[in-house]
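Here's the structure, in structure tokens; my notes come after.
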Amino acid sequence: SSTDSISAASGTTTTSTLTSTGSLATAATITESSGSPIALSNYTTGISCVDTNSAVTGNSPITVASGTSVTIPAANMGPFAKWLCTYTNTGIPDLTITKSHVGNFTRGSTGTYTMTVNNIGTGSTSGTITVTDTLPTGLSVANGALTLGGTNSANWSCSSTSNVITCTSSTAIAASGSSVFTFNVNV
529 SSTDSISAAS GTTTTSTLTS TGSLATAATI TESSGSPIAL SNYTTGISCV DTNSAVTGNS
589 PITVASGTSV TIPAANMGPF AKWLCTYTNT GIPDLTITKS HVGNFTRGST GTYTMTVNNI
649 GTGSTSGTIT VTDTLPTGLS VANGALTLGG TNSANWSCSS TSNVITCTSS TAIAASGSSV
709 FTFNVNV
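Following the working numbering, the numbering of the sequence shown begins with 529 at its first residue and continues without gaps.
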């Protein structure tokens with residue numbers, strides 16, 4: 529068996545070509561690796577390999593849905609085989625939530641609570657984002673729908689049950705992006 533290693537680039541497609549060098553067929557493994565600052569764990573990787581000489585060899589394509597290695601079986605590494613493998617690295621979203629307020633809250637009054645949803649991942653979000661948060665002791669909101677303010681309030685819908693806030697949004701947050709909204713709380 530032979531091995532080949534290719535280096536990944538952040539959020540890109542990487543290709544490797546593996547050519548059979550003789551009539552003795554041996555399996556070949558190609559593994560994608562990365563160096564700092566790229567971490568393959570921040571991506572999902574799909575691999576698609578085609579023998580560019582399949583008209584002669586009769587080899588069928590090989591696909592790996594997820595992973596960083598592909599093995600071309602010995603039976604497919606005969607004379608004239610020329611494999612082209614494409615590694616597609618797709619970024620993964622990673623959300624964090626920051627909660628804040630400005631100034632001091634005064635007991636018996638209302639204050640504005642700000643939630644910032646940050647995407648610290650390498651890919652945009654897709655589908656519905658759901659954020660659930662329990663208000664700190666001493667703060668409360670009425671049960672039901674919340675009136676939102678802030679930069680991205682139109683992108684969110686929030687409700688409360690027993691001071692547990694659940695918010696949803698179908699608006700994508702890009703990698704390194706954020707979405708900010710506010711609501712009033714009773715102190």
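Just so it is clear, CB atoms sit at the ideal spot from N, CA and C, and this is done for glycine as well. Please read all numbers here as calculations on a predicted model, not as lab measurements.
Between N646 and G705, the gap from beta carbon to beta carbon is short of 9 Å. Buried is the label assigned to T650, since at least 16 other Cβ atoms lie within 10 Å of its Cβ. With a cutoff of 9 Å on beta-carbon distance, T638 and N714 are scored as near each other. According to DSSP, residue pairing for V692 in a beta bridge involves T662, T689. Taking the Cα of A603 as reference, the smallest distance to any Cα among L612, C695, T554, T662 is reached at T554. Looking only at S569, A583, E560, the smallest Cα-Cα distance to T599 is reached by E560.
Look at the stretch 614-674 and you find these whole runs of beta strand (DSSP E), each 3 residues long or longer: 623-628, 638-647, 657-662.
Excluding sequence positions up to five before and after T624, its CB lies within less than 7 Å of the CB of N646, I648, all in the same chain and listed in chain order.
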